[in-house]
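First up is the structure itself, then whatever we jot down about it.
Residue numbers (the numbering used here), protein chains in the order written: chain A, 198 to 307; chain B, 973 to 1090.
Here's what the structure looks like:
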């Protein structure tokens, strides 16, 4: 059964710094997703990664996928307070179910 | 498009009462998912439908939970009888296309229904 693990689960960082969130998944998956959730809000799709070596960037966020290592990363460059949120990765399993990690709560200090 | 619409946004009920949560997916989306979110267990997939047919309900916690999708534009999740441990945010999400036909499988979430069972 597919399991998705994120680390760290909580991250507090200063504005202007760089950091990376890691997402490991336990079995082969063809799709990897990143979502953002603000407190009390819904989940917003950030990236969909479809193949090994895929890299996508939007503003200060960049996501990548290594299917051989079963690893995806979400890199934050020069963090700003507006990026404070919980970030989830999710993977598609062979039964067409999308399984989510527990999320990384990111707190960016001014 | 208005996006995925869920109702009610908030529900407070007493243990033993029946709860019905509603979802209207994005028009044209073939897949509909129900997730439950709690602090302890994170996001759990309860059930999903393809073209109104339930495909996998293995995540439904107990027989007290049931879900239906009578047509392409409406789904319900029912809890009867409700218990305090059912308190959570319930999300409905829809997806436009099957991944095995080239679709990305990207999910579009509703705003959620926050359920509190006293």
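Think of the CB as a built atom: it goes at the ideal place given N, C-alpha and C, for glycine as much as any other residue.
Between the CA atoms of residue j and residue i - distance to the nearest angstrom
| i | j | result |
| --- | --- | --- |
| residue 984 of chain B | residue 1088 of chain B | 5 Å |
| residue 1050 of chain B | residue 297 of chain A | 23 Å |
| residue 262 of chain A | residue 287 of chain A | 12 Å |
| residue 226 of chain A | residue 1041 of chain B | 28 Å |
| residue 1021 of chain B | residue 294 of chain A | 11 Å |
| residue 254 of chain A | residue 990 of chain B | 45 Å |
| residue 1032 of chain B | residue 1038 of chain B | 8 Å |
| residue 202 of chain A | residue 299 of chain A | 7 Å |
| residue 249 of chain A | residue 223 of chain A | 16 Å |
| residue 214 of chain A | residue 235 of chain A | 21 Å |
| residue 258 of chain A | residue 988 of chain B | 45 Å |
| residue 285 of chain A | residue 233 of chain A | 6 Å |
| residue 265 of chain A | residue 1002 of chain B | 31 Å |
Same chain, Cβ closer than 7 Å to residue i, neighbours up to 5 away in sequence not counted
| i | result |
| --- | --- |
| residue 1044 of chain B | 1024 |
| residue 1059 of chain B | 1087, 1088, 1089 |
| residue 212 of chain A | 276, 277, 278, 305, 306, 307 |
| residue 980 of chain B | 1085 |
| residue 1036 of chain B | 1051, 1052, 1053 |
| residue 281 of chain A | 303, 304, 305 |
| residue 1010 of chain B | 1060 |
Contact set for residue i: own chain, Cβ-Cβ below 8 Å, skip 5 residues either direction
| i | result |
| --- | --- |
| residue 292 of chain A | none |
Top-ranked residue by Cα proximity to residue i, from the options
| i | options | result |
| --- | --- | --- |
| residue 306 of chain A | A:289, A:300, A:290, A:279 | A:279 |
| residue 243 of chain A | B:1083, B:1084, B:1078 | B:1078 |
| residue 301 of chain A | A:252, A:273, A:248 | A:273 |
| residue 220 of chain A | A:214, A:234, A:248, A:200 | A:200 |
| residue 986 of chain B | B:1005, B:1029, B:1054, B:1030 | B:1054 |
| residue 268 of chain A | A:257, A:210, A:217 | A:217 |
| residue 992 of chain B | B:1026, B:1061, B:1052 | B:1052 |
| residue 245 of chain A | A:271, A:256, A:231 | A:231 |
| residue 229 of chain A | A:256, A:210, A:252 | A:252 |
Enclosing beta strand (DSSP E) for residue i [first to last residue]
| i | result |
| --- | --- |
| residue 1051 of chain B | 1046-1051 |
| residue 302 of chain A | 301-306 |
| residue 1088 of chain B | 1085-1089 |
| residue 982 of chain B | 982-985 |
| residue 975 of chain B | Unbroken run through residue 975 of chain B: none, as it is neither H nor E. |
| residue 252 of chain A | 252-255 |
| residue 1091 of chain B | With chain B covering only 973 through 1090, there is no way to say anything about residue 1091 of chain B. |
| residue 1026 of chain B | 1025-1028 |
| residue 259 of chain A | 258-263 |
| residue 272 of chain A | 268-273 |
| residue 289 of chain A | 282-289 |
| residue 249 of chain A | Where residue 249 of chain A is concerned, there is no enclosing beta strand (DSSP E), given that its DSSP letter is neither H nor E. |
| residue 996 of chain B | 991-996 |
| residue 201 of chain A | 201-204 |
| residue 229 of chain A | 229-234 |
| residue 1014 of chain B | 1014-1022 |
heavy atom of the ligand SAM below 8 Å from residue i C-beta
| i | result |
| --- | --- |
| residue 1005 of chain B | Judged by which ligands are present, the structure shown has none, so any question about the ligand SAM falls away. |
Close-in-space but distant-in-sequence residues of the same chain around residue i (CB under 6 Å, 5 per side omitted)
| i | result |
| --- | --- |
| residue 1007 of chain B | 1015, 1017, 1063 |
| residue 1115 of chain B | Here chain B has residues from 973 to 1090 only, and residue 1115 of chain B is not among them. |
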